[in-house]
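Taken in sequence, the protein lines are chains A and B.
Residues in the first sequence are numbered consecutively from 21, following the numbering used here.
Residues in the second sequence are numbered consecutively from 21, following the numbering used here.
Number of protein chains: 2
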Amino acid sequence: MARDLGKPAALRSADSIARWDDEADVVVVGYGGAGAAAAIAARAAGADVLLLERAGGGGGTTALSTGQIYLGGGTPIQTACGFEDSPEAMCAYLLASCGPSADEAKIRLFAAESVAHFHWLVAQGVPFKASYYGEGSYTPTDDCLSYSGSELAWPYRELARPAPRGHTVQQAGIEAGGMLMRALTAATERSGARIRTDTLCETLVVDGARRVAGVVARVDGREACYRARGGVVLAAGGFINNKAMVERYAPLLRKCRFRAGCDGDDGRGIRMGMAAGGAAIRMDVGCIVLPFTVPKQLVKGILVNRRGARFIAEDLYQTVVGEAALLRENGEVFLIADNAVFARPFPETEIAAVEETVADLERTLAFPDGSLQQTMAFYNAHAARGEDPLFRKHPDNLVPLVHPPFAALDYTTAKALYTVFTLGGLHTTPEGVVLNPDGDPVSGLYAAGRTTSGLAAQGYSSGLSIADATFFGRRAGRAAAARARHSVGG
Amino acid sequence: MARDLGKPAALRSADSIARWDDEADVVVVGYGGAGAAAAIAARAAGADVLLLERAGGGGGTTALSTGQIYLGGGTPIQTACGFEDSPEAMCAYLLASCGPSADEAKIRLFAAESVAHFHWLVAQGVPFKASYYGEGSYTPTDDCLSYSGSELAWPYRELARPAPRGHTVQQAGIEAGGMLMRALTAATERSGARIRTDTLCETLVVDGARRVAGVVARVDGREACYRARGGVVLAAGGFINNKAMVERYAPLLRKCRFRAGCDGDDGRGIRMGMAAGGAAIRMDVGCIVLPFTVPKQLVKGILVNRRGARFIAEDLYQTVVGEAALLRENGEVFLIADNAVFARPFPETEIAAVEETVADLERTLAFPDGSLQQTMAFYNAHAARGEDPLFRKHPDNLVPLVHPPFAALDYTTAKALYTVFTLGGLHTTPEGVVLNPDGDPVSGLYAAGRTTSGLAAQGYSSGLSIADATFFGRRAGRAAAARARHSVGG
Numbered sequence: 021m022a023r024d025l026g027k028p029a030a031l032r033s034a035d036s037i038a039r040w041d042d043e044a045d046v047v048v049v050g051y052g053g054a055g056a057a058a059a060i061a062a063r064a065a066g067a068d069v070l071l072l073e074r075a076g077g078g079g080g081t082t083a084l085s086t087g088q089i090y091l092g093g094g095t096p097i098q099t100a101c102g103f104e105d106s107p108e109a110m111c112a113y114l115l116a117s118c119g120p121s122a123d124e125a126k127i128r129l130f131a132a133e134s135v136a137h138f139h140w141l142v143a144q145g146v147p148f149k150a151s152y153y154g155e156g157s158y159t160p161t162d163d164c165l166s167y168s169g170s171e172l173a174w175p176y177r178e179l180a181r182p183a184p185r186g187h188t189v190q191q192a193g194i195e196a197g198g199m200l201m202r203a204l205t206a207a208t209e210r211s212g213a214r215i216r217t218d219t220l221c222e223t224l225v226v227d228g229a230r231r232v233a234g235v236v237a238r239v240d241g242r243e244a245c246y247r248a249r250g251g252v253v254l255a256a257g258g259f260i261n262n263k264a265m266v267e268r269y270a271p272l273l274r275k276c277r278f279r280a281g282c283d284g285d286d287g288r289g290i291r292m293g294m295a296a297g298g299a300a301i302r303m304d305v306g307c308i309v310l311p312f313t314v315p316k317q318l319v320k321g322i323l324v325n326r327r328g329a330r331f332i333a334e335d336l337y338q339t340v341v342g343e344a345a346l347l348r349e350n351g352e353v354f355l356i357a358d359n360a361v362f363a364r365p366f367p368e369t370e371i372a373a374v375e376e377t378v379a380d381l382e383r384t385l386a387f388p389d390g391s392l393q394q395t396m397a398f399y400n401a402h403a404a405r406g407e408d409p410l411f412r413k414h415p416d417n418l419v420p421l422v423h424p425p426f427a428a429l430d431y432t433t434a435k436a437l438y439t440v441f442t443l444g445g446l447h448t449t450p451e452g453v454v455l456n457p458d459g460d461p462v463s464g465l466y467a468a469g470r471t472t473s474g475l476a477a478q479g480y481s482s483g484l485s486i487a488d489a490t491f492f493g494r495r496a497g498r499a500a501a502a503r504a505r506h507s508v509g510g
Numbered sequence: 021m022a023r024d025l026g027k028p029a030a031l032r033s034a035d036s037i038a039r040w041d042d043e044a045d046v047v048v049v050g051y052g053g054a055g056a057a058a059a060i061a062a063r064a065a066g067a068d069v070l071l072l073e074r075a076g077g078g079g080g081t082t083a084l085s086t087g088q089i090y091l092g093g094g095t096p097i098q099t100a101c102g103f104e105d106s107p108e109a110m111c112a113y114l115l116a117s118c119g120p121s122a123d124e125a126k127i128r129l130f131a132a133e134s135v136a137h138f139h140w141l142v143a144q145g146v147p148f149k150a151s152y153y154g155e156g157s158y159t160p161t162d163d164c165l166s167y168s169g170s171e172l173a174w175p176y177r178e179l180a181r182p183a184p185r186g187h188t189v190q191q192a193g194i195e196a197g198g199m200l201m202r203a204l205t206a207a208t209e210r211s212g213a214r215i216r217t218d219t220l221c222e223t224l225v226v227d228g229a230r231r232v233a234g235v236v237a238r239v240d241g242r243e244a245c246y247r248a249r250g251g252v253v254l255a256a257g258g259f260i261n262n263k264a265m266v267e268r269y270a271p272l273l274r275k276c277r278f279r280a281g282c283d284g285d286d287g288r289g290i291r292m293g294m295a296a297g298g299a300a301i302r303m304d305v306g307c308i309v310l311p312f313t314v315p316k317q318l319v320k321g322i323l324v325n326r327r328g329a330r331f332i333a334e335d336l337y338q339t340v341v342g343e344a345a346l347l348r349e350n351g352e353v354f355l356i357a358d359n360a361v362f363a364r365p366f367p368e369t370e371i372a373a374v375e376e377t378v379a380d381l382e383r384t385l386a387f388p389d390g391s392l393q394q395t396m397a398f399y400n401a402h403a404a405r406g407e408d409p410l411f412r413k414h415p416d417n418l419v420p421l422v423h424p425p426f427a428a429l430d431y432t433t434a435k436a437l438y439t440v441f442t443l444g445g446l447h448t449t450p451e452g453v454v455l456n457p458d459g460d461p462v463s464g465l466y467a468a469g470r471t472t473s474g475l476a477a478q479g480y481s482s483g484l485s486i487a488d489a490t491f492f493g494r495r496a497g498r499a500a501a502a503r504a505r506h507s508v509g510g
């Protein structure tokens, strides 16, 4: 029977470690997309790498994802599918959509090197098919390219030439995330990184000068200590599965029914980094997906709150809509469709009401008298002219909603499948160096993926999290490897 | 000439301190309302107290405030003015208004002991006049009691019996905050606390077991070290005057023109606590005052966004309105008044447009065609019946806006005086013990006031910050004193 080690310490001092069980130039904590990328890159930089994972194998939340990666600037897939893109257009879109206070340095670097990152992924064995899927959140076929953000919606379509940048890994069905991680774990194994699974890292170790020197883990009921000569890379996921942390930092996210995460997303990586002096920033923000756009014709309906009023352009991306619905409307919204626009939504969604007249629909939904009638009269009058003066929905998506019966799909948090994961985390440089509250480096500590605050603090486009995790994971691994070389040399 | 000590370390180890310049049972950092209360309480508990302040004297941001303190449950002032209140009603209001994820333990304790805290303040020499001022944000006379929150607004008026709980310290003009701090600094001096001003605390000192053992300060260009036998109480204000921190944690607050804070509100106290292992929570939230309610008749107007739509009940408290205007409407709102309701606002506010018809007003404001006309037609029709089906503004505040000319007051962040301070900070127990990211105590570290996350994370009522600072400052001082006794005894 496993010995009970009790609650782990927040931080350990090196002189409390009687014996190191193993050591390496770079110790990577977590074997999802970020950890795999960090390990591969650190190995490529010549470092001896130890990769520690709490589960029985690699994968993490990346493996559970839809395998979509936000890439652009002119990837071979974009070109093959006839789309023109540039790093500048990609950068302009991300700066405009990820604000306020998006990490400009990270966005500029990522946009500039996105094509190179595509080639790196391919070199690791990640398959992409040169095919365009179209607008939509993910690809249930084995197709690749789609619009996975708000590029075609106002104001973005005026700020940056739109291009589809969602690159889904080639794999039929919704197993593309699994395929991505099969490729990355195979590449990690080939790289020569030493991998230890069933190793739950709980505490960082710092030396007398407060440099991170290693990590203490729980293995088979006993404590195991791993020394890092160059640095520790925390790539241990976010905190959506830690109820106390979500309530403390981002209480509204608790209302979302579907938490996109694995057991590892309990915030342990973030907490380990904080205990070693790292600052966690933008802890209030999350990716909030409101899946109401399949089939696509549903965006021709209108989203209204409990006052019967529209609050957003329905053709903004489902994460932007989800964020507004949850944070501004408290997750109390409905999609109104007429008989011409209505279609059975995927995922299945409850119908709150169906009525022959808008007045009856309004009454059944207990909206204030006249509120929805007024909203629809205003919307329909302008839609008939191809205009949406309130929110500038694209003319292609504007059609008067006048054919009875009228339906209201229930997109309240109580009924609909709001999907959420956290976007806040450790503050890092583009090189993955963890910063303290004063903005200074925590020596020897690196982080990547959802353990960090990444490219998007809001206005999320699908695929940004895996893009961020793998792109900045590589840089963190490389930086930790460089520090190991320097330490050995010096 | 002062020696340049460079950037302070994030944290110091006790063995790096060659010599302690002074020591005490309890070291309090910061001499505003929270620090004074902590020092007085620690002295009353028998501790030797050293109070360190960066400025030339006590006061802090409390001294710059309007001197309003949120107190209730049946204070002598409430009773003398004929208002019935109970700890239960006060608690119900605070739990409902400060959510989501308000600190229930702190709220329950504060409501239960609020009358006792009133008597403590009086015992320190803080003067209150037994007079009712009425609704309004502060008292420019020397009167005391007023509604300083949303107690009379829906839904609060239905959830808890309303009572005015804003207690302004007796002092004519807007100097009541100064009067409060004159009383508290005099009481602190009488208490026998040893006070050192011009002492800028920058770094906490921890011993080998990671217990907080003291603080390093900058005094006249040299380093000074102060040992704390029992504990350090961080009462050093918030971070509204640290631009980098605001952008990192709460970027929208940057849009507010008036930052309610002193130089000390640079987040140093929070950063010191984080470096020692404390967790800072709810760092995204602030108190956002939109002063549009003086004279009171202006709430009979309607607030609209750039789409010409209402977004809130105008008789909710100005902080609740400010929060919604900034966070939900991006600080782009206007108050529409007709000639009957219009009055010159205080503070002075730009008039964006005056027109004889609503249609012209709409056009001048560049609102979508028909949007404001529709909003006002709907509002007026219901107001004529004393109803506001959208937001349930109180019938007393409902009157059709039909008398030309019509004016729009400019309450955009670019033009209006949004006033802001931060509400996020170190996570503490009701005893003031700072908690780490795992929710465990940081040994020897206490905090109070805006260095902490306090009673209100949102839905702020005026006077809560000083109430929180003084009430929980007392508890933090007492707890640190108790730990000193325990340390000496053991």
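Note that CB positions come from ideal geometry on N, CA and C, so glycine has one too.
The structure displayed is predicted, hence computed values, not measured ones.
Contact annotation: B/L72 and B/R216 have beta-carbon atoms nearer than 9 angstroms. At a cut-off of 4 residues, the continuous stretches assigned as alpha helix (DSSP H) that sit fully inside the region 25–108 of chain B are 53–64, 80–84, 96–100. In the DSSP annotation of this structure, the continuous segment of the alpha helix (DSSP H) that includes A/E209 starts and ends at 196–211. When beta bridges are read from the DSSP output, B/V252 appears opposite B/V47, B/L465. The criterion of a C-beta distance shorter than 9 angstroms is not satisfied by A/V189 and A/V135.
Less than 9 angstroms divides the Cβ of A/G50 from the Cβ of A/L254. In the three-state reduction of the DSSP assignment, B/I290 falls in the helix class.
Against chain A, the CB of B/R291 has a partner CB under 9 angstroms away; the residue lies at that interface. Near chain B, meaning a CB-to-CB distance below 7 angstroms, the residues of the region 332–354 of chain A are R348.
B/M396 does not reach chain A, its nearest Cβ partner there being about 12 angstroms away, counting only Cβ pairs nearer than 9 angstroms. Residues of the region 430–452 of chain A with a Cβ closer than 8 angstroms to any Cβ of chain B, in chain order: H447. When DSSP states are grouped into helix, strand and coil, B/F331 belongs to the coil group. If only uninterrupted beta strand (DSSP E) runs of at least 3 residues are considered, those enclosed by the region 112–192 of chain A are 186–188.
Taking B/P365 as reference, the option from B/L381, B/S481, B/T313, B/L204 with the minimal CA-CA separation is B/T313. The beta carbon of B/D304 sits closer than 9 angstroms to some beta carbon of chain A. With a contact defined as Cβ atoms closer than 8 angstroms, B/E375 and B/F426 qualify at about 6 angstroms. A/G459 reaches chain B at A264, counting residues in chain order whose Cβ is nearer than 8 angstroms. Cβ atoms of B/E334 and B/L323 come within 8 angstroms of each other, at about 5 angstroms. Looking at A/R231, A/R302, A/P424, A/T369, the one whose alpha-carbon comes closest to that of A/L475 is A/R302.
Taken atom to atom, the span from the alpha-carbon of B/D42 to that of B/A300 is near 29 angstroms. Rounded to the nearest angstrom, the gap between the Cα atoms of A/G119 and A/Q478 is 6 angstroms.
Collapsing the DSSP output to three states places B/Y480 in coil. Residue state for B/F398 is assigned as helix, using DSSP reduced to three classes.
Listed in chain order, the non-local C-beta contacts of B/R181 below 6 angstroms within the same chain comprise A109, local neighbours out to five positions each way being set aside. Look at A/K320: its C-beta is not under 9 angstroms from any C-beta on chain B. The beta carbons of A/R494 and A/A61 sit about 4 angstroms from each other, so the pair counts as a contact at 8 angstroms.
The beta carbon of A/N456 falls within 9 angstroms of a beta carbon belonging to chain B, placing the residue at that interface. Close CB contacts of B/A487 within its chain, under the 8 angstroms cut and outside five residues either way in sequence, are with I89, Y90, L91, F130, S134, H137, L475 (chain order).
Cβ-Cβ distances below 8 angstroms link A/S211 to A59, I60, R63, A64, V69 in the same chain, with the five nearest sequence neighbours on each side left out; the list follows chain order. Judged by DSSP secondary structure, B/R383 falls within the alpha helix (DSSP H) whose first and last residues are 378–384. Between the alpha carbons of A/L437 and A/F354 lies a distance of about 13 angstroms. One thing to note: B/R249 has its Cβ no nearer than 9 angstroms to the Cβ of B/A468. Contact annotation, B/L310 with B/Q338: C-beta distance approximately 5 angstroms; criterion of less than 8 angstroms satisfied. Identification of chain B residues near A/D389 by a Cβ-Cβ cut-off of 7 angstroms yields P409, ordered along the chain.
Neighbours of B/L224 in chain A, taken as residues at a C-beta separation under 9 angstroms, are lacking, since the least C-beta distance is about 12 angstroms.
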